[in-house]
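S.K.: Using the working numbering, read the sequence shown as starting at 3 and increasing by one per residue.
Where a beta carbon is used, it is the ideal one built from N, C-alpha and C, also for glycine.
Predicted model only: the values in this text are computed from it and were never measured.
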Amino acid sequence: MKYDIKGKTYSYIAGIKDNNPVRLSFDQLSVHTFRLSFEPWYQAGYWDDSCVPHVLLDGDTVVANATVNILRVRWQGQEKTWLQLGTVMTHPDYRHQGLSRWLMDKIFEEWAGKYDAMVLFANKRVLGFYPKFGFIPAGEYQYHTRQLSPQTGKVRRLDMDNAADRELLLQKYAQSNPFAALTVTAPAGLLMFYCTQFMKTSVYYLEETAVIAVVEHEGGVMTCHDIFGETSHSLPLLLSVLMEKDTRQVVLGFTPADVTGFTMLPLKTEDLTLFVLNGKENIFAGHQLMIPTLAHT
């Protein structure tokens with residue numbers, strides 16, 4: 003469909019994953035803007051209908067985008083549908099022409115009544131943009147502990163180039179995180195975006211407890227982004243088995259349902275602020291939570 007925006011005609015498409023030329027043009031813009039390519043993820047078969055770019059094209063070239071990511075979220079025993087906006091970008095030659103604003107308005111129009119909450123992460127350069135659409139900043143809180151000591155256990159790093167290991171990860175992901183207060187139960191494709199690329203060497207299988215954890219170690223700090231699988235064992239025990247000899251602190255990438263032994267601190271990132279659409283569900287207003295790190299888009 004074609005639209006006139008400030009005297010110039012653009013083509014508009016929502017949902018592009020199976021449109022090869024448009025998807026590849028979108029990918030070029032993403033690489034140029036964020037140094038982030040979606041093409042390996044698509045070729046691996048993990049880009050599903052929960053990731054919906056909304057693009058404007060000048061001729062055959064994608065010049066602006068805002069992606070809607072559909073998340074299934076479980077909170078206090080209820081399943082909710084959240085929309086997370088991501089990869090909001092405009093080609094440098096097309097900035098300051100109202101294209102992002104037009105796409106935001108279009109998203110509100112097309113998704114009206116189809117979600118419980120809408121969230122996004124904004125960097126400091128655009129903190130003044132999203133409040134114009136009714137978004138308000140939301141505080142996140144992260145949980146840490148220094149009370150654990152390393153324990154021995156059978157831990158195997160999964161090979162994300164191996165089909166059987168990828169299938170094992172998906173099976174455990176379907177069982178969710180039994181320790182989290184707030185869980186993102188779908189889409190699996192978003193998990194695989196991380197675990198087959200940036201964190202492909204950070205996925206571990208705890209053989210004695212049959213759970214999978216996504217863990218990073220750096221400078222004596224272990225970050226446990228998530229844990230998947232049904233188990234009767236405690237979270238502190240599993241974390242202790244995942245620790246290295248020099249681990250001094252454990253940081254969680256999710257909010258634990260049982261905070262015993264953990265210290266809560268406001269989450270501070272270098273260049274990202276969580277925004278929540280005002281007037282819709284906002285569980286961050288009255289609870290000390292964080293969106294799981296593996297659910298960021």
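1. In the structure shown, what three-state DSSP assignment does GLN251 receive?
2. Quick check: the segment 226-236 against the segment 252-259, are at least 3 beta-carbon pairs closer than 8 Å?
3. State the start and end residues of the unbroken alpha helix (DSSP H) segment that holds LEU194.
4. Check the DSSP bridge columns for HIS227 and list the partner residues they point to.
5. Three Cβ pairs or more, each shorter than 8 Å: is that satisfied between the segment 43-53 and the segment 10-27?
6. According to the Cβ coordinates, are LEU101 and VAL65 closer than 9 Å?
7. Measuring CA to CA, which of THR249, MET91, VAL213 is closest to ARG158?
8. Considering just the uninterrupted stretch of the beta strand (DSSP E) at HIS34, what are its terminal residues?
9. Using beta-carbon positions only, say whether ASN71 and SER32 come within less than 9 Å of one another.
10. Assess, as a yes-or-no matter, whether the segment 112-124 is touched by the segment 76-86 under the definition of 3 or more beta carbon pairs within less than 8 Å.
11. If you draw a straight line from the C-alpha of MET266 to the C-alpha of MET292, how long is it?
12. In whole angstroms, give me the CA-to-CA distance for ARG103 and GLY263.
13. Using the beta-carbon count (16 or more within 10 Å), is ALA287 buried or exposed?
14. For GLN144, list the residues DSSP reports as bridge partners.
15. Could you work out which residue in THR203, PHE181, PHE200, LYS174 is closest to ALA190 when comparing CA atoms only?
16. Where TRP49 and ILE138 are concerned, what is the direct C-alpha to C-alpha distance, given to the nearest angstrom?
17. Under 9 Å, do LEU269 and TYR143 count as touching if we go by C-beta distance?
18. So which of PRO94, VAL75, LEU279, LEU73 has the shortest CA-CA distance to GLN30?
19. So for LEU48, helix, strand or coil by DSSP?
20. Helix, strand or coil for MET292? Go by DSSP, reduced to three states.
21. Hey, could you find the ends of the alpha helix (DSSP H) TYR173 is sitting in?
22. Taking only heavy atoms of the ligand ADP into account, decide whether any of them is closer than 8 Å to the Cβ of ASN284.
23. For a test of the three-state rule: what should DSSP assign to ARG97, helix, strand or coil?
24. What are the start and end residues of the alpha helix (DSSP H) that includes SER242?
25. Could you tell me the distance, in whole angstroms, from the CA atom of ALA297 to the CA atom of VAL243?
M.R.: Looking at the coordinates:
1. strand
2. yes
3. Reading off the sequence, residue 194 comes out as Met, not Leu. Where MET194 is concerned, the enclosing alpha helix (DSSP H) stretches over 190-195.
4. Answer is none; HIS227 lacks a bridge partner.
5. yes
6. yes
7. VAL213
8. First-last for HIS34: 22-36, but that is the alpha helix (DSSP H), not the beta strand (DSSP E).
9. no
10. yes
11. 11 Å
12. 45 Å
13. exposed
14. LEU267
15. LYS174
16. 29 Å
17. yes
18. PRO94
19. Here residue 48 turns out to be Tyr, not Leu, going by the sequence shown. The answer is coil: DSSP assigns TYR48 none of H, G, I, E or B.
20. coil
21. A small correction: the amino acid at residue 173 is Gln; Tyr does not occupy that position in the sequence shown. Note, GLN173: alpha helix (DSSP H), 165-176.
22. Annotation note on the ligand ADP: not contained in the displayed structure, which lists no ligands.
23. coil
24. 237-244
25. 25 Å
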